[in-house]
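Numbering (the numbering used here), first residue to last: 17 to 432. In this text, a Cβ means the ideal position worked out from N, Cα and C, and glycines have one as well. Structure first, then comments.
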């Protein structure tokens, strides 16, 4: 049974969004499908009150009739009641939103997810492996955030993504991972220096891991478990284009397709992935072998919900055709916490080599986070949705004295 079904709702006193959504899911079974006007102009008022008991607290007078008379109870009325009555009760300013910062479910969601406070960072990182670090930042949305939920029955067709149990709007940890991975690829494409590219590729594979089918095929082929050269060529192209985010032109595609031997493909890959595959090696370097990443990405929870509308226009009539409503996290000062934990569980190298890796990974991650703030997270980023501005930027490292770190791109070391 879903979480909402466990809530006890007084259907005559539905006053907040959580109660209203639960009412629509579990209690709303309309007996008649009429316009509000038809209910109020006859003896059908009792049916209206049976379908919507909570409006009994409102006066069914001319003002109510003027506002809702043309709405059909099944199609229009529930959504307009949400806009006019539920949301209006939460905010008096021009930016209408539902604020539940003090809501118990919001606090529980953050606690269960393990979201730390600024004061807990140093104590937390001390319990991790040597050279582990935590990146922790508070950001403010500059555009509304939207990522579609998979809820099959909701008031509108485009609900924002919420936690399954606590129904709090969120950014999944996997979304942060994917967005930061794309930011790494953007940085890689923008970079012209081959040494810098090599550093980004190495960091990408250490941070995010290498578990895709493309990498498995490359690994299997080099280890002698695959003999399908044509399949290998296709996977090489997919790997270079999608996993590393490098540019692939017609000449490169033709060069790969026309190559008849592994030795030739090896030379091509050396040019594209900064000489990561070395000649006469029968296996890939460790970074390219299938392995999990060193980084844990935590979810972000928000304490506000609002509505946005996109109204496509007819080019000939220059008028809106059919508005599309989105439930979003508004950009009216809404803040969230981004938390990333990096643990070098596989760092069995000499200290000097490991320290160099940790420093590179930290700096590259911080640079990618700045890129994400500019590009945005979630859906509709081309419209400016999901962009944000960092307000607090901290990180903590176990072994900070050996790494000799300080302020980097405005990110402060929060340890003394």
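Bridge-paired residues (DSSP) for residue i
i, result
"residue 329", "336"
"residue 322", "344"
"residue 151", "356 and 411"
"residue 424", "427"
"residue 39", "Partner(s): none; residue 39 has no beta bridge."
"residue 308", "225"
"residue 397", "DSSP output for residue 397 lists no bridge partner at all."
"residue 164", "176"
"residue 64", "In DSSP, residue 64 forms no bridge with anything."
"residue 115", "320"
"residue 156", "351 and 405"
"residue 313", "356"
"residue 187", "316"
Presumed contact (8 Å Cβ cut-off) between residue i and residue j, rounded CB distance
i, j, result
"residue 386", "residue 425", "6 Å"
"residue 219", "residue 377", "5 Å"
"residue 162", "residue 394", "6 Å"
"residue 114", "residue 334", "Between residue 334 and residue 114 the Cβ distance is about 34 Å, and since that is not below 8 Å, they are no contact."
"residue 175", "residue 66", "With 8 Å as the limit, residue 175 and residue 66 do not qualify as a contact, their Cβ atoms being about 27 Å apart."
"residue 150", "residue 388", "Not a contact, Cβ separation roughly 17 Å."
"residue 84", "residue 70", "Wrong, their Cβ atoms sit about 14 Å apart, outside the cutoff."
"residue 200", "residue 384", "5 Å"
"residue 341", "residue 223", "Going by Cβ atoms, the distance from residue 341 to residue 223 rounds to 38 Å, so no, they are not a contact pair."
Burial state of residue i (16 or more Cβ within 10 Å)
i, result
"residue 169", "exposed"
"residue 414", "buried"
"residue 240", "Reliability of the predicted coordinates at residue 240 is poor, the pLDDT of 48 falling under 50, and the value obtained from them is presented with this limitation in mind. With fewer than 16 other Cβ atoms within 10 Å, it is exposed."
"residue 35", "buried"
"residue 208", "exposed"
"residue 339", "exposed"
"residue 190", "exposed"
"residue 181", "exposed"
"residue 178", "buried"
"residue 38", "buried"
"residue 326", "exposed"
"residue 270", "exposed"
Alpha-carbon spacing of residue i relative to residue j, whole angstroms
i, j, result
"residue 350", "residue 195", "20 Å"
"residue 353", "residue 380", "20 Å"
"residue 346", "residue 160", "5 Å"
"residue 137", "residue 324", "36 Å"
"residue 166", "residue 123", "23 Å"
"residue 402", "residue 250", "34 Å"
"residue 211", "residue 221", "16 Å"
"residue 399", "residue 405", "16 Å"
"residue 298", "residue 315", "Its pLDDT being 39, under 50, residue 298 is placed unreliably by the model, and nothing is read from it."
"residue 362", "residue 214", "20 Å"
"residue 116", "residue 372", "44 Å"
"residue 408", "residue 132", "14 Å"
"residue 185", "residue 429", "30 Å"
"residue 40", "residue 96", "13 Å"
"residue 360", "residue 310", "6 Å"
"residue 183", "residue 126", "12 Å"
"residue 248", "residue 313", "32 Å"
"residue 152", "residue 277", "48 Å"
"residue 54", "residue 164", "36 Å"
"residue 280", "residue 253", "14 Å"
"residue 42", "residue 128", "27 Å"
"residue 382", "residue 396", "24 Å"
"residue 217", "residue 375", "14 Å"
"residue 118", "residue 187", "19 Å"
"residue 157", "residue 317", "12 Å"
"residue 272", "residue 390", "35 Å"
"residue 225", "residue 274", "31 Å"
"residue 411", "residue 427", "7 Å"
"residue 62", "residue 80", "16 Å"
"residue 423", "residue 336", "50 Å"
"residue 130", "residue 121", "14 Å"
"residue 308", "residue 322", "37 Å"
"residue 51", "residue 68", "13 Å"
"residue 268", "residue 246", "15 Å"
"residue 355", "residue 266", "41 Å"
**Request:** Assess, as a yes-or-no matter, whether the segment 329–337 is touched by the segment 195–205 under the definition of 3 or more beta carbon pairs within less than 8 Å.
**Result:** Of all C-beta pairs linking the segment 195–205 to the segment 329–337, fewer than three are shorter than 8 Å, placing the two stretches out of contact.
**contact_flag[the segment 196–210, the segment 132–148] where n(CB pairs < 8 Å) is 3 or more** = no
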